[in-house]
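Sequence positions in the sequence shown follow the working numbering and run 1468 to 1572.
Beneath this line is the structure, given in structure tokens, with notes to follow.
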Amino acid sequence: DNTPIEEESPLGNYSGLVGTWTIDAATAGLKTDFTFNEDGSFHQLMGQIDQTGTWEIVDDTHIKVTTKKGKGKNWRVTDLNTSTVDICWNPDNPKPKTLHMQRAQ
């Protein structure tokens, strides 16, 4: 069996989340980019709003994003694959908003 031994990322299921994700203004109202770094740092550019912070794993479907401006919020992450991800930044809201994001090139 020549199957390479895959290094287990400390990020587990979320190793594929590392990188930059984007959604266009036509879809989201404002062009939005999220960058998740392997070291747990986070960057969000939404229109003119430029924020940095941290992200951490909560469970199999939630991450906690904490920006410099506030307390952490749990986001739901679903349908993560190499080119797209669905991120719901307000899963506890009665009308949650899920963004279908594309991997930025």
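Don't be surprised by glycine CBs; every beta carbon is placed ideally from N, CA and C.
Keep in mind it's a predicted model, so treat the numbers as computed, not measured.
Among the candidates the options, whose CA atom is the shortest distance from the CA of residue i?
| i | options | result |
| --- | --- | --- |
| Ala1571 | Pro1477, Asp1527, Lys1498, Lys1564 | Lys1498 |
| Gly1514 | Ala1495, Asn1541, Thr1502 | Ala1495 |
| Thr1534 | Asn1557, Gln1518, Asp1526, Asn1541 | Gln1518 |
| Thr1545 | Glu1523, Leu1512, Cys1555, Gln1569 | Cys1555 |
| Pro1477 | Asn1504, Lys1536, Pro1558 | Asn1504 |
| Gly1520 | His1510, Asp1527, Thr1565 | His1510 |
| Arg1543 | Ile1516, Thr1565, Lys1536 | Thr1565 |
| Asp1527 | Leu1547, Leu1512, Lys1538, Ile1516 | Leu1547 |
| Lys1536 | Lys1562, Ala1493, Thr1487, Ile1516 | Ile1516 |
| Asp1506 | Trp1522, Pro1558, Asp1559 | Trp1522 |
Just to confirm the assignment, what range does the beta strand (DSSP E) spanning residue i have?
| i | result |
| --- | --- |
| Thr1502 | 1499-1503 |
| Thr1551 | 1551-1555 |
| Gln1569 | 1565-1570 |
| Lys1535 | Where Lys1535 is concerned, there is no enclosing beta strand (DSSP E), given that its DSSP letter is neither H nor E. |
Are the Cβ atoms of residue i and residue j separated by less than 8 angstroms?
| i | j | result |
| --- | --- | --- |
| Gly1479 | Thr1549 | no |
| Met1568 | Thr1502 | no |
| Lys1540 | Val1532 | yes |
From the DSSP secondary-structure annotation, give me the bridge partner or partners of residue i.
| i | result |
| --- | --- |
| Asp1517 | Leu1512 |
| Val1544 | Ile1554 |
| Gly1486 | Phe1503 |
| Lys1531 | Glu1523, Asn1541 |
Could you give the first and the last residue of the continuous alpha helix (DSSP H) run that contains residue i?
| i | result |
| --- | --- |
| Thr1494 | 1492-1495 |
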